[in-house]
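J.: I have a structure here, written as structure tokens, and I will follow up with some questions on it.
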Amino acid sequence: MTQEFVQSKIKSDKVAVFIKPTCPYCQDAVKLLNKYSFKKGHLEFIDITTQDDMDGIQDYFRQTTGARTVPRVYIGEVCIGGYSDLAALEEQGKLSQKLKQIGAL
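In case it helps, the working numbering puts the sequence shown at residues 709 to 813.
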């Protein structure tokens, strides 16, 4: 169930960000991504605190990405990591390129 939930949110042409609303790094990720003009339906923020198996979701992240922290940012079907990884892509000027490559912008 947990794996299916996470996988159902990840698409090749979409950015999926798994968050907890009170997490400051999650809030920063939301702010950073909201600066971009995404095509409708190509950006989704998923609040894992609303899920019955939040711990299971985070354990699944650890198994598949090496970390159970949020935010977990997927650009297309690839997890790029958390907020610091997202911010690094932005600082290097590579984020918009990645978003265009998957057709999200």
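Every residue gets a Cβ at the ideal spot worked out from N, C-alpha and C, and that includes glycine.
Contact defined as beta carbons within less than 8 Å: I believe residue 784 pairs with residue 721. What is the distance between those atoms, to the nearest angstrom?
T.: On the sequence shown, residue 784 is found 76 positions in, with the first residue counted as 1. On the sequence shown, residue 721 is found 13 positions in, with the first residue counted as 1. Right, their Cβ atoms sit about 7 Å apart.
J.: Is residue 772 closer than 9 Å to residue 789 when the C-beta atoms are compared?
T.: Taking the sequence shown and counting its residues from 1, one reaches residue 789 at position 81. Taking the sequence shown and counting its residues from 1, one reaches residue 772 at position 64. It is not a contact, given that the beta carbons lie outside the stated cut-off.
J.: Considering residue 752, what are the terminal residues of the beta strand (DSSP E) in which it resides?
T.: Here residue 752 is taken as the residue at index 44 of the sequence shown, counted from 1. 751-755 is the span of the beta strand (DSSP E), which, as asked, contains residue 752.
J.: Any chance you could list the alpha helix (DSSP H) runs of at least 4 consecutive residues sitting entirely within the stretch 747-798, in chain order?
T.: 762-773
J.: When DSSP labels each residue in this structure, what does residue 737 get in the three-state scheme?
T.: Numbered from its first residue, the sequence shown carries residue 737 at position 29. Helix.
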